[in-house]
Amino acid sequence: MLLAFGLGYWFGSTTAEDAHPAAPAEIARFWGAFANTPGGVRVVYGNSPEWVTSYGRVLPEPSADAAAEEDNWRSGVGEVQAIYRLSAVAHTLGLDFHLKRAQLVDWDEVVDVHVVYLGGPAANPQVADLGAPANFVFEREPAGAGEQYLIRNRTPLAGEPAAYAADTPLTEDFGIVRLTRGFRSDRWILLLAGITTFSTSAAAEVVSDADALSRIRDTLGQQLDDPLAPFECVVKVGVKNSVPYHSRVEACRLIAGHTP
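In the numbering used here, each residue's number is its place in the sequence shown (first place is 1) plus 8.
The structure is reproduced here in structure tokens:
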């Protein structure tokens, strides 16, 4: 409840009237596509019906080991940090963001609006149902008593690994940033999803930072005045003592067949 109240307060306090007028060009280019549309933007954050630890491990039932971890799936610190970053963007551009828990969202609520999905499939099951063609996808990998997600690279380029996996104990983590056309051709779906809560935060950081967006655009071979095109990226973040640091984009692709 406190999580929902806090996140709702951040978004609820953002209006077009008090928006800052000077957004960096890269931020304006990316997020401007989400502006000035009826219904605003739905930000769908995840809670899983399964017991999912903050490290992305799916367990058959609650255990003492899982409970001992710093954060569980109900209040992942990465999702909170992601909302904080997105709320700053919303304030700057006067975007109309509406926060909703994944399990309370009906599909007819997201058909006609822009949607931002926060959290990987362990925390946000709707992520698995998006159906967009993608090169970087989440897969479950057996890991001891439970299962842990990794990111599969379906067509690795030279020098790229076939998969990106968080290690144990956690020192590096990976997430996905994916922008695709929405359920209507004039709407967008943005996925900000991590193997763990930390890489979900890193994914949100990437799309909230002008320098990171500029590097992505350069990697994709686009100019600042080019129209926004669907793409996907893998984001890597270091973790030390459960504190994330130094996130960077590892790989990028334009999504074929989905350019405007």
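For glycine and all other residues, C-beta sits at the position ideal for the given N, C-alpha and C.
Note that the coordinates shown come from a computational prediction; the quantities given were computed from them, not determined experimentally.
Under the three-state reduction of DSSP, which class applies to glutamate 213: helix, strand or coil? helix
heavy atom of the ligand SAH below 6 Å from aspartate 234 C-beta: The ligand content of the structure shown is nil, which means the ligand SAH is not present either.
DSSP three-state label for isoleucine 258, please. According to the sequence displayed, residue 258 carries glutamate and not isoleucine. Glutamate 258 falls in the strand class under three-state DSSP.
According to DSSP, residues forming a beta bridge with aspartate 175: DSSP, once it has assigned bridges, lists no residue as partnering aspartate 175.
Can you name, in chain order, every residue of its own chain whose Cβ lies under 6 Å from the Cβ of proline 164, other than the five neighbours on each side? Ala170
Those residues which DSSP pairs with glutamate 147 across a bridge: Leu158
Alpha carbon to alpha carbon, what distance is there between glutamine 231 and glutamate 78? Legend: pLDDT at glutamate 78 = 41, less than 50; position of this residue unreliable, value from coordinates given subsequently. The straight-line gap from Cα to Cα measures roughly 42 Å.
Between serine 255 and aspartate 114, what straight-line distance do the alpha-carbon atoms span, to the nearest angstrom? 33 Å
Using alpha carbons as the reference points, say which of Val88, Trp196, Ile91, Val245 lies closest to valine 119. Trp196
Can you find the residues in the same chain that come closer than 7 Å, C-beta to C-beta, to valine 247, ignoring five residues on each side of it along the sequence? Leu178, Thr179, Glu180, Asp181, Phe206
Let me make sure I understand the geometry here. Which of Phe239, Phe146, Tyr92 has the alpha-carbon closest to that of glycine 202? Phe146
Using C-beta distances below 8 Å, list every residue in its chain close to lysine 108, excluding the 5 sequence neighbours before and after it, in chain order. Arg50, Val51, Val52, Tyr53, Glu117
What residues match up with isoleucine 197 in a beta bridge as DSSP calls it? Val123, Thr188
Quick one: is leucine 112 buried, meaning 16 or more other Cβ sit within 10 Å of its Cβ, or exposed? exposed
From glycine 229 to glutamate 258, what distance separates their C-alpha atoms? 16 Å
Would you call the CB atoms of asparagine 132 and alanine 110 closer than 7 Å? yes
Quick one: what's got a C-beta closer than 8 Å to phenylalanine 38's C-beta in the same chain, skipping five residues either side? Val215, Leu221, Leu236
Roughly how many angstroms lie between the CA atoms of alanine 212 and arginine 93, to the nearest whole one? 7 Å
Considering just the uninterrupted stretch of the beta strand (DSSP E) at phenylalanine 38, what are its terminal residues? Counting along the chain, phenylalanine 38 falls outside any beta strand (DSSP E), though it belongs to the alpha helix (DSSP H) covering 33-39.
Which word fits valine 97, buried or exposed, when buried means at least 16 other C-beta atoms lie within 10 angstroms of its C-beta? buried
If I follow the unbroken beta strand (DSSP E) through glycine 84, where does it start and stop? Per DSSP, glycine 84 belongs to no beta strand (DSSP E) and is neither H nor E.
Cβ pair serine 209, glycine 86 closer than 7 Å: yes
Rounded to a whole number of angstroms, what is the C-alpha to C-alpha distance between glycine 48 and valine 135? 20 Å
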